[in-house]
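> Residue numbers (our numbering), protein chains in the order written: chain H, 1 to 346; chain B, 347 to 692; chain V, 693 to 1038; chain L, 1039 to 1384.
In this text, a Cβ means the ideal position worked out from N, Cα and C, and glycines have one as well.
Once you've had a glance at the structure underneath, I'll fire off some questions.
Number of protein chains: 4
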Amino acid sequence: MKALVYHGPGKRAWEEKPRPVLEEASDAVVKITRTTICGTDLHIMKGDIATVTEGRILGHEGVGVVEEVGAAVTSFKKGDPVLISCITSCGRCDACKQGMYSHCASGGWVLGNTIDGTQAEYVRIPHADTSLYHVPGGADEDALLMLSDILPTGFECGVLSGAVKPGDTIAIVGAGPVGLAALLTSQLYSPAEIIMLDLDDHRLAVAKGLGATRTINSADGKAVATVMALTDNRGVDVAIEAVGVPASFGVCQDIVAAGGHIANVGVHGKSVELKLDKLWDRNITLTTRLVDTVTTPMLLKTVLSGRLKPRTLITHEFKLDELMKAYDTFGDAARAHAIKVLIRNP
Amino acid sequence: MKALVYHGPGKRAWEEKPRPVLEEASDAVVKITRTTICGTDLHIMKGDIATVTEGRILGHEGVGVVEEVGAAVTSFKKGDPVLISCITSCGRCDACKQGMYSHCASGGWVLGNTIDGTQAEYVRIPHADTSLYHVPGGADEDALLMLSDILPTGFECGVLSGAVKPGDTIAIVGAGPVGLAALLTSQLYSPAEIIMLDLDDHRLAVAKGLGATRTINSADGKAVATVMALTDNRGVDVAIEAVGVPASFGVCQDIVAAGGHIANVGVHGKSVELKLDKLWDRNITLTTRLVDTVTTPMLLKTVLSGRLKPRTLITHEFKLDELMKAYDTFGDAARAHAIKVLIRNP
Amino acid sequence: MKALVYHGPGKRAWEEKPRPVLEEASDAVVKITRTTICGTDLHIMKGDIATVTEGRILGHEGVGVVEEVGAAVTSFKKGDPVLISCITSCGRCDACKQGMYSHCASGGWVLGNTIDGTQAEYVRIPHADTSLYHVPGGADEDALLMLSDILPTGFECGVLSGAVKPGDTIAIVGAGPVGLAALLTSQLYSPAEIIMLDLDDHRLAVAKGLGATRTINSADGKAVATVMALTDNRGVDVAIEAVGVPASFGVCQDIVAAGGHIANVGVHGKSVELKLDKLWDRNITLTTRLVDTVTTPMLLKTVLSGRLKPRTLITHEFKLDELMKAYDTFGDAARAHAIKVLIRNP
Amino acid sequence: MKALVYHGPGKRAWEEKPRPVLEEASDAVVKITRTTICGTDLHIMKGDIATVTEGRILGHEGVGVVEEVGAAVTSFKKGDPVLISCITSCGRCDACKQGMYSHCASGGWVLGNTIDGTQAEYVRIPHADTSLYHVPGGADEDALLMLSDILPTGFECGVLSGAVKPGDTIAIVGAGPVGLAALLTSQLYSPAEIIMLDLDDHRLAVAKGLGATRTINSADGKAVATVMALTDNRGVDVAIEAVGVPASFGVCQDIVAAGGHIANVGVHGKSVELKLDKLWDRNITLTTRLVDTVTTPMLLKTVLSGRLKPRTLITHEFKLDELMKAYDTFGDAARAHAIKVLIRNP
C-alpha cells in the first residue's frame, strides 16, 4: 500500500509500505477513507518529537472502514464505518478506568508516533474495541474526521479543564486549528463573551465567523491591556492557551481573573515562568492535559444533532495520493489560509 | 490599651494605642482573649509586605468576647464569645457570593495588614456578621484559635484545592505550621499514604506523631528519588507546597503523578519555573489560593466532634503582655521547636 | 398607594393601601415599574397556600427603582434601577452561606406570601443588599423581569439540579411558564435533544419555536411509549417535572434512563408514588428544590450577551391599574394563550 | 466439583456440578478460596428474584486463584490470587465507559443470578480483565472478601451517592451488613455525627463499636422525633436507607434536612410513598443505585493502608463443604448475631 513516511527531520515520502496485519487478538485493520494532517505532524517533521523514528507512517486522525478484526474484538466487524481516535486505550488499566485514556499503560498517543499511523491506505488499530467509534448512519463523515483529535482536544483540554460555564468571559490565546476547536466547543457551555487572540488577522476573521464575540490582534503588545479594559480590569474567567510558547502562556497569566482558570492546550517545548509571586493568592486553577478522547461519544451526539458544526474548520481538500502536496499547503498555513485539510480516499 | 505595633522592618513595640471604636454600622469591637503569631507576621517584620505601614497593630488570628456592635450587626451582641476569621468578608459582593471571601471587595486579608489587628487588647472587626463565628458552648477555645487562619488555610488551599480523596497517596512539602495543618485536615479525607517532607528532623517527628505515614528529610537532595521509589515511580496523587520557595515548588512538579494535583499553599516572593515541556501532557491541575475561611463552620463541627484535634499544634504559651517574647520564640522556631504559640489574655 | 390585595379564596381587590416604609436598617423601599403574575399567585387565590393571609398584597416578581434605603444598606441608593428577587436572603445565616437562599433563616419566599409583595406601586424589600440586583445600563427591563423568578426557577430547579449537559437527551414535562423557562435555559448546556410534553398544542407550538427538538401531546396516554421509542428504549438523561401532579411525576419515572436524573420543579399538593421496586437499581438521582436565585448574576450576563432571550415568554401587557384584568387573562391562560403577562407602571 | 445450588423457593443443595470451562476468549476460571453469603442470596431462596432459575449455583462474592484464562485475557494468568467483583463489566459499552458497570450491556449483576456463581469450588468469570482485581501481596484475604460486594455497595450507594462530607451529621437506617458497611466507609469522609437506627439492640451495639456516635432503637416509633431532637430540629445532612421497606424509607424522608440527601441502598420489593407535598421545596437529593464496584481499587488501597478494617464485619467462619450450615446460620442472623459469614476453601 501507499503511505506518507517520515525519514528524519525535513524528509518525508509518499511510498510503498507493507499493508498492516493483525498482531494482537484485540487489533483491527482499518481502510482509511479520510485522514488529515495535524500541527503535531509538522513538529515531527522538524524533528522535535524524539519518539518518532525513521520509517514511521505518520498520522493519528482518520475515518475509515473496518477491514479485519482480531479474535478478541467484539464491538466491530468487517465493513463497519469507524472513527479512529487519536488516542489508543485498552479500557482496563488504572488510567483507562479513570477515564484518562491519554495515559493508558499500553496505549495513549501511539498512532503515527510509536506505531504506524493513518496517513496511509490502511492502518492497524490496537485495542480496537475501545479505540474506535461507530460512525452513525447518515453522519457527515467529513465533519466526524474533526473528532479524531482536534475537537476533543479543544474541548477536553481547553473547555472542560478550563471549566467554562454559562455567562463566563473567556479568552482563547491562539486561533489555530485547536484554538478554533476550543472556540466551537466552548459554545456548548454558553459563555457570555469569547475573546480570541492571535497574530493573524485572517484567522481572527475566521474566529469571528465561528462565534468569537471579540478578536484582538496581539501583535502590538497591547493585548493584555485591551483584555483588562474589556473586563473592567477584572480579567477573564478562563484563559485557554492554544499556542505552546512562553509568551502566550504569559498572556494567560496576566489576564486571568481572581478565581479563574488557565487551561493549557498548547504543546510546549520549553519551561515557562510562572508568576507565583503574583498568583499565589489569586485562587487560580491551572491545568495541563493530553486529550483523553473520553468525550468523543458526547461530541458525536452534538455533531449529529447539529449543535456543533466542525465541518466549518475544513478549508482544503486533497486526494490521498496528494498527501505530499497537502503537507506543503498545511505547512504554509498562514499564506494558504489553511485551517484543516481533508484528505480523501478515494 | 496595649498592642504589638510594627514600626518598619525589624522594629516592633509593645505599646499604648487608642482602644478601637465602631466606625461603620456593621463593625464590632472584640476584646481579645487569645491570639497567636503567624509566619506572615514574621514576613511583615522583615519588611516583605508592602501594604503594612508603620504604626500598624499586627495579628489576624484571635478568639475573644464581643465588646460592642454597630447598629447593622444582627448576629452578635455584647458578651458573645467569638472566633475571629483572618479573612474579613462583606457577604454581598460578587466574590463573597461565590464563596471567595479572600477577594471580598471591601475585605479579604485586612486585619493586621491594612487595618489594625488582633495582637492587642481590643480589635475592631468590620463586617462583623460575616467575619466572626460564635464559639459553641463547651468548646476548647485554645483549639479554636487554630481555626482563625492555619486550619482553614491548610485545608482549603492544600486539601480541598488539591482534591485529596480516600485512598490517595499525598505528599506535603514543608512541615511548618501550615503544612502540619494540611497534614491534620487531609486526614478528614482518609488518604492511604501521607508523605511529609522537610529539612528539620524535629518537625518531621512531630508530623509522624500527627499522622504522616512517611517522613523524608529532603536535605540530601534525594527527596524526589525517594518519593518516586515509594510510589513505584508513579508519583503522588497530590503534592501540597507549604513552603513558598522555588525549590520546594520544583519538588512538587517532579513528584506529581499523571492526573495529579499540585496545591500551592506557600506565600511566594518570586516567580518559579514551570516545566511545561514535561507537564503539558501530564493532566496536572495546579492551584493557588488565599484562604477563604469558607470552611470554618465545617471545621468547627469536626473540632467539636473530636475528629480534628488542632490543639496539638500549640507548643508554647505566653501572656498577652509577653507578646514581644512570644515573637522572639516564634521567630526562632527551629531552635525553640515552636509550631504555634498561644497568647492568652488574661 | 394602590395594590392588588388578597381577601381570602377567590377574592382579590385593587385597592388603596399604605405606602410601605423602612422597618429595618437593611430594608429598601422600591417603586415598582414592572411586575407580573406567577402560577403561584393563582394557587394563592384558590386558597391553597396557608401562609398567605387576608389583606396581603400579592406578587414576588418585579423590576423597579430604589426609593429609599435603610442605614445598613451599602450596595444600593435612591434612584438605582433594580431587579427584585423572588427570594429574600440575609447573606449571613447558614443556609445563605451555602448558597441556599431559599431556606434563609429570615428570608426565603416571603414577598407576597408572609409580607406584602410587588403587585403594588411600592414594595418594601428586606435584606436589600442581598435581595436586589442592579439593572445594568442598556438592559431590556422587560426581559429582566423574567429573572425575578421564572428563569432562575427553570434553570436552578430543572436544568442545574437535573445536571443537563452537552449531548444529553432531555424531556420537560409541562410547557407552562416554568417549563418553558427550563426549555430556554437548558440550551445554555447544549443538550442534543429536548423533548417537550404537554396537553396543550398551542404551548407545544410555542415550545417548538423556543428550541424544543420534539414535542409530544401527552393527552392520548402514549407519551411514555413515544419517548421510549424516540430513545431506542433507553429513556432520557434528564426528566424535568414542571407541572406538580402525580401523573406527570409518574411519566418522569417511566422515561428516565439508567443513570439519569429526575428534576422536580412543580409545586406538589399531595404525595406521589415512587416506584422504588423498579428504580432501586437504576442509578437515578431525583431532586427537589425551591429556587435559590443564586444564579441570577449569571443569568443577567447571559441575557445581556444575547445568549438568552427571555422576552419571548411575554405574551401580554397591561398597565399596573389593570392588574385585575391581567389576573383574568393569566387565570385563563389556555384560552388566552398567555405565558407571562407584563404589567407596567406607568 | 461441589456447589451450592438453588432448586426453587426454599430449596437448596450442596451437590456435584460440572466444573466450569472457558466459554469466551475473555473468560477466566477461578478456584474459590473464600466466599460468603449475601442478604440477596436469602431473597433468592425466598423466590423473590425472578431472574434466578432452578439449577443455578448461587453466590456473587469471592476471593480465589486464577485457574485458567481465555486467549483475550491480558491482565491475569494462572496462579494469580484475585478478588472477584460482584459486578461483571465489559469495560467497553456505553455504561462501562461512564463508570456505571452495574448497567454493563453484557454484564452487571450476573454471578449467582443469570450465570453460575461463587459458592462452589470453581467459577467462570466473564470479562475477566475488567471484573477481577489482583490481590496485593501481604493482603488479608479475609478482609478483601468484604470488597466483592458489601463494602463498595455501602460506600457507593450510601456514602458517595449521599455525598457524605466532613462535618456532616448522617443517619444510617438499618444496621445489617450493608448498613454497617456504609457506617465503616462513611468514616472515610469524617462526618461529625453518625446516627445508626435499627430494631435490633445487638446490631446497634456492633454499630457503636464500629464508629456510630449515636444509636437509636426505632422499635418504639419515636425514632424520627429522637433524630430531630438530636439535630435541633434541623434534620440530618444525609439519610442512608439500608433496609428496603417503605417504613424505613419513610423515616429517611422525615429526618432529612433542607438541602440534604437521601441515599437509597436497600432492595425494594414495592413502591413507596414520596411526600413531594412536603419535600418539593426542601432542596432534597434522592438517589438510587446498584453498586458499580468502580471504587474497588480505591477501597483496596484504604484496606491495605489500614484506614478501613472490614474484617470486623466477619462474625462466623465455615468450610466450603459446610455451606448448607452457613446458610442456616446467616438465615437466622438475629439469633446467631451474624453479620458476615466467611466460608473458606480449603
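Using 10 angstroms around the beta-carbon of V/H819, count the other beta-carbons present and answer buried if the total reaches 16, otherwise exposed.
Walking along the third sequence from the start, residue 819 of chain V turns up at place 127. Answer is buried; the Cβ neighbour count reaches 16.
> Given that L/Y1227 touches chain B, what residues does it touch there, using C-beta distances under 8 Å?
Numbered from 1 along the fourth sequence, position 189 holds the residue referred to as residue 1227 of chain L. The answer, in chain order, is P512, L534, Y535, S536.
> Less than 6 Å separating the Cβ of H/W280 from some heavy atom of the ligand ATP?
In terms of ligand content, the structure shown is empty, and the ligand ATP therefore cannot be addressed.
> When you compare the CB of H/M228 with every CB in chain B, is at least one pair closer than 7 Å?
Along the first sequence, read from residue 1 onward, the residue named residue 228 of chain H stands at position 228. Judged by the 7 Å Cβ criterion, H/M228 is not in contact with chain B.
> Name the DSSP beta bridge partners of V/E760, please?
Mapped onto the third sequence, residue 760 of chain V falls at position 68. Partner(s): V/V721.
> If you run the structure through DSSP and keep just helix, strand and coil, what is L/K1378?
As a position in the fourth sequence, residue 1378 of chain L is number 340, starting the count at 1. Note: L/K1378 maps to strand in three-state DSSP.
> By DSSP, does V/L971 sit in helix, in strand, or in coil?
Here the question's residue 971 of chain V lines up with position 279 in the third sequence. If DSSP states are grouped into helix, strand and coil, V/L971 belongs with the helices.
> Going along chain H, which residues have a C-beta under 7 Å from V/E848?
Counting from one through the third sequence, the residue named residue 848 of chain V turns up at place 156. Result: empty, since nearest Cβ-Cβ is about 12 Å, beyond 7 Å.
> Compute the distance between the beta-carbons of L/Y1044 and L/L1080, then report whether it is under 7 Å.
Start at 1 with the first residue of the fourth sequence, and residue 1044 of chain L comes out as number 6. Start at 1 with the first residue of the fourth sequence, and residue 1080 of chain L comes out as number 42. Cβ distance not < 7 Å, so L/Y1044 and L/L1080 don't count as in contact.
> With burial defined as no fewer than 16 other Cβ atoms inside 10 Å of the residue's Cβ, what is the status of H/T40: buried or exposed?
On the first sequence, residue 40 of chain H is found 40 positions in, with the first residue counted as 1. Buried, since its Cβ has 16 or more Cβ neighbours within 10 Å.
> Are the CB atoms of B/V419 and B/A374 within a distance shorter than 7 Å?
Translated into the one-based positions of the second sequence, residue 374 of chain B becomes position 28. Translated into the one-based positions of the second sequence, residue 419 of chain B becomes position 73. It is a contact, given that the beta carbons lie within the stated cut-off.
> Quick check: is the beta carbon of V/W706 nearer than 7 Å to any beta carbon in chain L?
Translated into the one-based positions of the third sequence, residue 706 of chain V becomes position 14. No, its Cβ sits nowhere closer than 7 Å to a Cβ of chain L.
> Run the CB neighbour count on L/E1105, radius 10 Å, all protein chains shown included, and call it buried at 16 or more, exposed below.
As a working note, residue 1105 of chain L is residue 67 in the fourth sequence. Classification of L/E1105: buried, given that the 10 Å Cβ count is 16 or more.
> Less than 7 Å between the beta carbons of B/V411 and B/L478, yes or no?
As a first step, residue 411 of chain B is located in the second sequence; it is residue number 65 there, counting from the start. As a first step, residue 478 of chain B is located in the second sequence; it is residue number 132 there, counting from the start. No.
> Can you check whether the C-beta of B/G453 is within less than 7 Å of a C-beta belonging to chain V?
On the second sequence, residue 453 of chain B is found 107 positions in, with the first residue counted as 1. Not an interface residue.
> Keeping to the same chain, check which residues put their C-beta closer than 6 Å to that of L/R1162; ignore five residues upstream and five downstream.
Along the fourth sequence, one-based indexing puts residue 1162 of chain L at 124. The answer, listed in chain order, is P1058, D1065, V1067.
> For B/A554, which of helix, strand or coil comes out of DSSP?
Here residue 554 of chain B refers to the residue found at position 208 of the second sequence. In the sequence under discussion, the amino acid at residue 554 of chain B is Lys, which differs from the Ala named in the question. It is helical.
> Is there a C-beta anywhere in chain B that falls below 7 Å from the one on V/S767?
Looking up residue 767 of chain V in the third sequence gives position 75. Yes, V/S767 counts as interfacial toward chain B.
> Using a Cβ cut-off of 7 Å, which residues of the stretch 970-985 of chain V contact any Cβ in chain L, in chain order?
Residues passing the 7 Å Cβ filter: L971, W972, D973, R974, N975, I976, T977, L978, T979, T980, R981, L982.
> Nearest chain D C-beta to V/M990 closer than 7 Å, yes or no?
The structure shown contains no chain D; its protein chains are H, B, V and L.
> Taking a contact to mean a Cβ-Cβ separation below 7 Å, would you say B/P512 touches L/T1340 in this structure?
Position 166 of the second sequence, counted from the first residue, corresponds to residue 512 of chain B. Position 302 of the fourth sequence, counted from the first residue, corresponds to residue 1340 of chain L. A contact, by the Cβ cut-off of 7 Å.
> Buried or exposed: which applies to V/A934, given that a residue is buried once 16 or more other Cβ atoms fall within 10 Å of its Cβ?
Numbered from 1 along the third sequence, position 242 holds the residue referred to as residue 934 of chain V. The residue in question, V/A934, is buried, as its Cβ has 16 or more Cβ neighbours within 10 Å.
> Hey, quick one: how far does the beta strand (DSSP E) through V/K1011 stretch, first residue to last?
Walking along the third sequence from the start, residue 1011 of chain V turns up at place 319. 1006-1011 is the extent of the beta strand (DSSP E) around V/K1011.
> Please name the residue in L/I1188, L/D1206, L/I1082 whose C-alpha comes closest to that of L/A1213.
Looking up residue 1213 of chain L in the fourth sequence gives position 175. Of the candidates L/I1188, L/D1206, L/I1082, the one whose C-alpha sits nearest the C-alpha of L/A1213 is L/I1188.
> Beta-carbon of L/L1314 versus every beta-carbon of chain V: anything under 7 Å?
Position 276 of the fourth sequence, counted from the start, is the residue given in the question as residue 1314 of chain L. Interface residue, yes.
> So what does DSSP say about B/R698, is it helix, strand or coil?
With chain B covering only 347 through 692, there is no way to say anything about residue 698 of chain B.
> Would V/D907 pass as an interface residue toward chain H - the criterion being a Cβ-Cβ separation below 7 Å?
Here residue 907 of chain V refers to the residue found at position 215 of the third sequence. A small fix is needed here, since residue 907 of chain V is Thr in this sequence, not Asp. Judged by the 7 Å Cβ criterion, V/T907 is not in contact with chain H.
> Give the residues from the stretch 122-148 of chain H that approach chain L closer than 7 Å (Cβ to any Cβ), ordered along the chain.
So the close ones are D129, T130.
> My understanding is that B/W626 touches H/N264, with C-beta atoms under 8 Å, so please give their C-beta distance in whole angstroms.
In the second sequence, counting from the first residue as 1, residue 626 of chain B sits at position 280. In the first sequence, counting from the first residue as 1, residue 264 of chain H sits at position 264. The Cβ separation is near 6 Å, so the contact holds.
> First and last residue of the beta strand (DSSP E) that includes B/D544?
Your numbering for residue 544 of chain B matches position 198 in the second sequence. Its beta strand (DSSP E) spans residues 539-544.
> How many Å lie between B/G354 and B/I395 at the Cα?
Counted from its first residue, the second sequence places residue 354 of chain B at position 8. Counted from its first residue, the second sequence places residue 395 of chain B at position 49. If you take the alpha carbons of B/G354 and B/I395, they lie about 11 Å apart.
> Which whole-angstrom value describes the C-beta separation of V/L876 and V/L902, a residue pair presumed to lie in contact below a C-beta threshold of 8 Å?
Numbered from its first residue, the third sequence carries residue 876 of chain V at position 184. Numbered from its first residue, the third sequence carries residue 902 of chain V at position 210. That pair is a contact at about 6 Å.
> Could you say which of L/I1075, L/I1232, L/G1196, L/P1335 lies nearest to L/A1158 if we only look at CA atoms?
Here residue 1158 of chain L refers to the residue found at position 120 when the fourth sequence is read from its first residue. The option with the nearest alpha carbon to L/A1158 is L/I1075.
> Please list the partners that H/T33 has in chain V, where partner means a Cβ-to-Cβ separation under 7 Å.
By 1-based counting over the first sequence, the position of residue 33 of chain H is 33. Per Cβ cutoff of 7 Å: no residues; H/T33 is ~25 Å from chain V at best.
> So, helix, strand or coil for V/T806, using DSSP?
Counting from one through the third sequence, the residue named residue 806 of chain V turns up at place 114. Residue state, collapsed to three classes: coil.
> Using a Cβ-Cβ distance under 7 Å, would V/A764 count as near chain B?
The count along the third sequence starts at 1 and reaches residue 764 of chain V at position 72. Yes, its Cβ sits closer than 7 Å to a Cβ of chain B.
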